[in-house]
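Asker: Protein chains in written order, with my numbering: chain U, 529 to 775; chain L, 122 to 338. Backbone N, C-alpha and C define an ideal beta-carbon position, used for all residues, glycine too. Just so we're clear, the structure is a prediction, and the values are computed from it rather than from any experiment. Have a look at this one.
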Amino acid sequence: MDYSRPELADRLAAEYVAGLLRGPARRRFEALLPAHATLRTAVRAWQDRLMPLTASVAPQQPSPAVWQQIEQRIDGGTSTTAAAAAWRRLAFWRGFAGVASVAAVALAVALAVPGPAQPPLVVVLGPATPPPADAGGGGAVVPASFVASVSPDGRAMVTKPIANVRIEPNRALELWALPRPRPGQTPEGPRSLGLVKPDGATVVQRGRVLDDVDALALSLEPSGGSPTGKPTGPVLYVGKLPAPAER
Amino acid sequence: MSSSTAERDWSERSRELGRLLARAGLGDRAAFATLYERTSAHLLGVVMRIHGDRAQAEDVLQEVYVNVWRAAQSFDAAQSQPLTWLTSIARNRAIDSLRRAQTQPRLHSNIIIASADADDKETDVYDTVADDAPGPQALLTRAADARALHACMQGLSAAQRQSVALAFFDGLSHAEVAEVMRQPLGTVKSWVRRALLALKVCLDAAVQRDAAAAEKG
Chain U
529 MDYSRPELAD RLAAEYVAGL LRGPARRRFE ALLPAHATLR TAVRAWQDRL
579 MPLTASVAPQ QPSPAVWQQI EQRIDGGTST TAAAAAWRRL AFWRGFAGVA
629 SVAAVALAVA LAVPGPAQPP LVVVLGPATP PPADAGGGGA VVPASFVASV
679 SPDGRAMVTK PIANVRIEPN RALELWALPR PRPGQTPEGP RSLGLVKPDG
729 ATVVQRGRVL DDVDALALSL EPSGGSPTGK PTGPVLYVGK LPAPAER
Chain L
122 MSSSTAERDW SERSRELGRL LARAGLGDRA AFATLYERTS AHLLGVVMRI
172 HGDRAQAEDV LQEVYVNVWR AAQSFDAAQS QPLTWLTSIA RNRAIDSLRR
222 AQTQPRLHSN IIIASADADD KETDVYDTVA DDAPGPQALL TRAADARALH
272 ACMQGLSAAQ RQSVALAFFD GLSHAEVAEV MRQPLGTVKS WVRRALLALK
322 VCLDAAVQRD AAAAEKG
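Okay, structure coming up:
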């Protein structure tokens, strides 16, 4: 079957979301989803259409044991405690970040615990300076912060805005890694890590993204990214990484 | 109702759920606990409609939230409303576990054997869809869309409406719907197919009317 045919994609998506695809047909459909954007779009549209029907279903309070079991299963032991502690600090910094000219706010989860349960490294990118008046016209940029969460092996990073950033449609946010200066050498310029979404999570996958990196920065660029390979617009958010010894 | 859900149209409570999900995706357990508090009763309600047995439904619910914790990073606020996303995960899990358990589906929908005069006797759940009471409604859809959905459901024939309800709410397969409604399988399949198509056309038309009205100001 040609799943890119819109009518077929739409009919299958409707039956899938309505719960009518069963057994092997259901599994086959789910296996196709990652590769077929037409199917995914159709499924999301049908979820938008049909899920509101569930608003009228009588809620059922789960017994307390359910949450206890969930907690046990997601509990990675000490790593969770570290992540929770990081978030308490993050909450503090978020309150702080809006105040005055704090150039950058950096935060790291202390990776005292080795092994597979290592928590990600969390870097908060705060406003670099008060938003420049020319950053795309009056009120085009709302101050907010980004969080970058780097996997313990340094191979992948997820960036997320803490509050959605509104930028003009013809602009984009580009993420940069600022290499650590080495004594006696001309400092390297920033390395682009690609564009990140102003309104959702972006997964950045680059080998060893954080090797020899001092800080992360987000700059406002033309849509499609900097034409020169170096930041051309104002740097809006900066976050320093902890020194490797502290990670 | 559009295929992509513009976040600016969400209610403030829905945006709050989105923020909780985003933080859970970064490992924030407290945010995840709050998310659970706010959404678990709705999801259990949905699962229990499909899975009559509470113990089994609670097992499904547990699976759902463990998955949500692991997948929270993949939630995309630009694509879905948080509760729509969560409810879809819960329904998928419930339907998958039905297959595994081979259980007899338990019916909750108001069963009316299809007949032309069945319309006024129906008091099924979707009659309350347009209710303005605070609840999951505001988290799943805008008020205008809820009214449109209600109107579009009412626009279906009684047989079509019931076949969709049995499938959607109670998790019945085509064959099970046919058995309950005592109709040939082919008839039921075509009712459901036409009902879903009619809903789509009706809802898309409502969205276009809204957009036109908004343009006129």
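Going by the CB atoms, is the gap between V678(U) and L738(U) shorter than 8 angstroms?
Answerer: Taking the first sequence and counting its residues from 1, one reaches residue 738(U) at position 210. Taking the first sequence and counting its residues from 1, one reaches residue 678(U) at position 150. Contact: yes.
Asker: Indicate whether at least one CB of chain U lies closer than 8 angstroms to the CB of T262(L).
Answerer: Looking up residue 262(L) in the second sequence gives position 141. Yes, T262(L) counts as interfacial toward chain U.
Asker: With H, G and I counted as helix, E and B as strand and the rest as coil, what does DSSP make of T756(U)?
Answerer: As a working note, residue 756(U) is residue 228 in the first sequence. In this structure, T756(U) counts as coil in the three-state DSSP scheme.
Asker: Mind listing which residues of the segment 718 to 751 of chain U have their C-beta closer than 9 angstroms to chain L's C-betas, in chain order?
Answerer: Listed in sequence order: K725, D727, G728, A729, V731.
Asker: Please report the straight-line C-alpha distance between T756(U) and R719(U), rounded to a whole angstrom.
Answerer: Stepping through the first sequence from its first residue, residue 756(U) is reached at position 228. Stepping through the first sequence from its first residue, residue 719(U) is reached at position 191. In a straight line, the C-alpha of T756(U) is about 12 angstroms away from that of R719(U).
Asker: Kindly indicate which three-state DSSP category F290(L) falls into: helix, strand or coil?
Answerer: On the second sequence, position 169 is the one that residue 290(L) refers to. F290(L) falls in the helix class under three-state DSSP.
Asker: Determine the contact status of K768(U) and D740(U), defining contact as a CB-CB distance below 8 angstroms.
Answerer: The count along the first sequence starts at 1 and reaches residue 768(U) at position 240. The count along the first sequence starts at 1 and reaches residue 740(U) at position 212. No. Outside cutoff.
Asker: Opposite K337(L) in the DSSP bridges: which residues?
Answerer: As a working note, residue 337(L) is residue 216 in the second sequence. For K337(L), which the question treats as bridged, DSSP gives no partner whatsoever.
Asker: For a contact meaning CB atoms closer than 9 angstroms, what does R330(L) contact in chain U?
Answerer: Locating residue 330(L) in the second sequence gives position 209, where the first residue counts as 1. By Cβ distance, chain U contributes nothing, its closest Cβ being about 16 angstroms from R330(L), past 9 angstroms.
Asker: Which term fits V322(L), buried or exposed, when burial requires 16 or more other beta carbons within 10 angstroms of its beta carbon?
Answerer: Here residue 322(L) refers to the residue found at position 201 of the second sequence. V322(L) comes out exposed.
Asker: Look at the alpha carbon of V585(U) and the alpha carbon of D291(L), and state the distance between them as a whole number of angstroms.
Answerer: By 1-based counting over the first sequence, the position of residue 585(U) is 57. By 1-based counting over the second sequence, the position of residue 291(L) is 170. Each residue's Cα considered, the two are about 11 angstroms apart.
Asker: Excluding the 5 residues flanking E558(U) on each side, which residues of the same chain have their C-beta closer than 6 angstroms to its C-beta?
Answerer: Here residue 558(U) corresponds to residue number 30 of the first sequence, with the count starting at 1. Counting only Cβ-Cβ distances below 6 angstroms, and skipping sequence neighbours, we find nothing.
Asker: Give me the Cα-Cα distance between H564(U) and R550(U), rounded to the nearest whole angstrom.
Answerer: The count along the first sequence starts at 1 and reaches residue 564(U) at position 36. The count along the first sequence starts at 1 and reaches residue 550(U) at position 22. Straight-line Cα distance between these residues: approximately 20 angstroms.
Asker: Which chain L residues sit within Cβ distance under 7 angstroms of M579(U)?
Answerer: To locate residue 579(U), count along the first sequence from 1; it is residue 51. Residues of chain L passing the Cβ test: T205, T208, S209, L261.
Asker: Does the beta carbon of P562(U) come closer than 8 angstroms to any beta carbon on chain L?
Answerer: Locating residue 562(U) in the first sequence gives position 34, counting from the first residue. It does not: the Cβ of P562(U) has no partner Cβ on chain L nearer than 8 angstroms.
Asker: In whole angstroms, what separates the C-alpha of G712(U) from that of A705(U)?
Answerer: As a working mapping, residue 712(U) is identified with position 184 in the first sequence. As a working mapping, residue 705(U) is identified with position 177 in the first sequence. The straight-line gap from Cα to Cα measures roughly 21 angstroms.
Asker: Could you spell out the range, first to last residue, of the alpha helix (DSSP H) harbouring M302(L)?
Answerer: In the second sequence, residue 302(L) corresponds to position 181, counting from 1. Note, M302(L): alpha helix (DSSP H), 295 to 302.
Asker: In the DSSP assignment, find the alpha helix (DSSP H) that holds V187(L) and state where it starts and stops.
Answerer: Residue 187(L) sits at position 66 when you count from the first residue of the second sequence. It spans 175 to 192 - the alpha helix (DSSP H) in which V187(L) sits, taken as one unbroken run.
Asker: Taking only three categories from DSSP, how would you classify E749(U)?
Answerer: Position 221 of the first sequence, counted from the first residue, corresponds to residue 749(U). The answer is strand: DSSP assigns E749(U) an E or B state.
Asker: Going straight from the alpha carbon of M685(U) to that of A676(U), what length do you get?
Answerer: Mapped onto the first sequence, residue 685(U) falls at position 157. Mapped onto the first sequence, residue 676(U) falls at position 148. Distance between the alpha carbons of M685(U) and A676(U): 7 angstroms.
Asker: For M169(L), tell me which candidate among I598(U), Q589(U), R568(U) has the shortest Cα-Cα distance.
Answerer: Here residue 169(L) corresponds to residue number 48 of the second sequence, with the count starting at 1. It is Q589(U) whose Cα lies nearest to the Cα of M169(L).
Asker: Under 8 angstroms between C-beta atoms, does G643(U) make it to chain L?
Answerer: As a working mapping, residue 643(U) is identified with position 115 in the first sequence. Because G643(U) sits at a pLDDT of 38, beneath the cut-off of 50, its placement in the model cannot be relied upon, and the following sentence gives the value as read from the coordinates. Not an interface residue.
Asker: List the residues of chain B that V181(L) touches, going by C-beta distances under 7 angstroms, in chain order.
Answerer: No chain B is part of this structure, whose protein chains are labelled U and L.
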